[in-house]
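In full-length UniProt numbering, the protein residues as written are 1 to 171.
Here it is as structure tokens:
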């Protein structure tokens with residue numbers, strides 16, 4: 001006799017009743033937004049994966065203006081340092097410029113590290129916090145790249161093995 005798990009059954013029911021958005025449904029929704037607008041309207045869509053979107057979604061007429069919000073560069077950092085710390089230059093700027101040149105960090109993450117966390121925290125300690133965060137981000141990115149390379153190598157080896165096995169079956 002089979003036991004029934006009420007929690008699992010409930011989860012399966014919820015999965016089956018969840019609505020799913022189709023490409024056609026999304027396109028119809030976007031087109032209805034535009035057709036319902038009597039005057040000028042600004043509609044903002046965001047994604048971290050624009051390369052994975054169907055071209056029909058991002059074509060002219062549906063999305064006319066594309067703005068890429070990139071990672072923080074040194075020029076943007078200097079604006080943030082001036083705004084948050086009232087600094088135009090500092091001896092640590094050179095280190096930060098070097099780290100920003102080889103580490104991806106969003107302007108929001110840079111700004112978060114530049115904000116004093118307490119009343120006694122000064123500009124230099126905020127810059128040191130940013131340097132530490134950039135170092136940690138660099139290590140994490142290196143580890144992720146290494147794992148990705150290992151997975152790609154493993155995948156390649158498996159494909160070679162499958163190819164060899166199917167070739168041996170032919171002979």
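Even for Gly, the Cβ is constructed at its ideal location relative to N, Cα and C.
- Of the residues 108, 88, 84, the one whose Cα lies closest to the Cα of residue 69 is 108.
- By the 16-neighbour rule on beta-carbons within 10 angstroms, residue 46 is exposed.
- Shown here, residue 121 sits in coil according to DSSP, grouped into three states, outside any helix or strand.
- Distance between residue 84 and residue 148, taken at the CA atoms: about 36 Å.
- Burial check for residue 23: the Cβ neighbour count within 10 Å stays below 16, so the residue is exposed.
- Under the 10 Å beta carbon count, residue 126 is surrounded by 16 or more other beta carbons and is classified as buried.
- It is roughly 33 Å from the alpha-carbon of residue 48 to the alpha-carbon of residue 160.
- By alpha-carbon distance to residue 96, the top candidate from 138, 142, 29, 167 is 138.
- C-alpha of residue 168 to C-alpha of residue 52: approximately 38 Å in a straight line.
- For residue 31, the uninterrupted alpha helix (DSSP H) segment begins and ends at 23-36.
- Within its own chain, the residues whose Cβ lies closer than 8 Å to the Cβ of residue 105, once the five positions on either side in sequence are excluded, are 71, 72, 133, 134, 137, listed in chain order.
- Leaving aside the five residues that flank residue 30 on each side, the residues in its chain whose CB is nearer than 6 Å to its CB run, in chain order, 62.
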